[in-house]
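The UniProt record's numbering puts the sequence shown at residues 1 to 59.
In this text, a Cβ means the ideal position worked out from N, Cα and C, and glycines have one as well.
Before any comments, here is the structure.
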Amino acid sequence: MKDPADKKTENHEIHSKNTMKTLKKKSRISLPGFEVSPHTERILKKNKRLISVYTKTKA
Numbered sequence: 001m002k003d004p005a006d007k008k009t010e011n012h013e014i015h016s017k018n019t020m021k022t023l024k025k026k027s028r029i030s031l032p033g034f035e036v037s038p039h040t041e042r043i044l045k046k047n048k049r050l051i052s053v054y055t056k057t058k059a
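This is the structure we're talking about:
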């Protein structure tokens, strides 16, 4: 009776270790570069400028 219980806990530990490895791999993935339309690019540049102005005035 003790053997099946031990096997279940070992499998569970192995499963949790694999899950942690998977999470670590996902956290290291960098976002791929993407293309945006000129309109979206202008909006992003404007937002960056506004954010930098806001942080400078608040600092």
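Here's a check: name, in chain order, each residue in its chain whose Cβ is nearer than 8 angstroms to the Cβ of residue i, leaving out the five neighbours to either side.
i: residue 43; result: none
i: residue 12; result: Note on residue 12: pLDDT 49, under 50, position unreliable in the model; the coordinate value appears next. Hits under 8 angstroms: none found.
i: residue 36; result: 44
Taking 7 angstroms as the limit between beta carbons, can you name the residues of its chain near residue i, skipping five residues before and five after?
i: residue 9; result: The pLDDT assigned to residue 9 is 49, lower than 50, so where the model puts this residue is not dependable; a value taken from the coordinates is nonetheless given after this. Same-chain partners within the cutoff: there are none.
Just reading off the alpha helix (DSSP H) that residue i is part of, what are its end residues?
i: residue 53; result: 38 to 58
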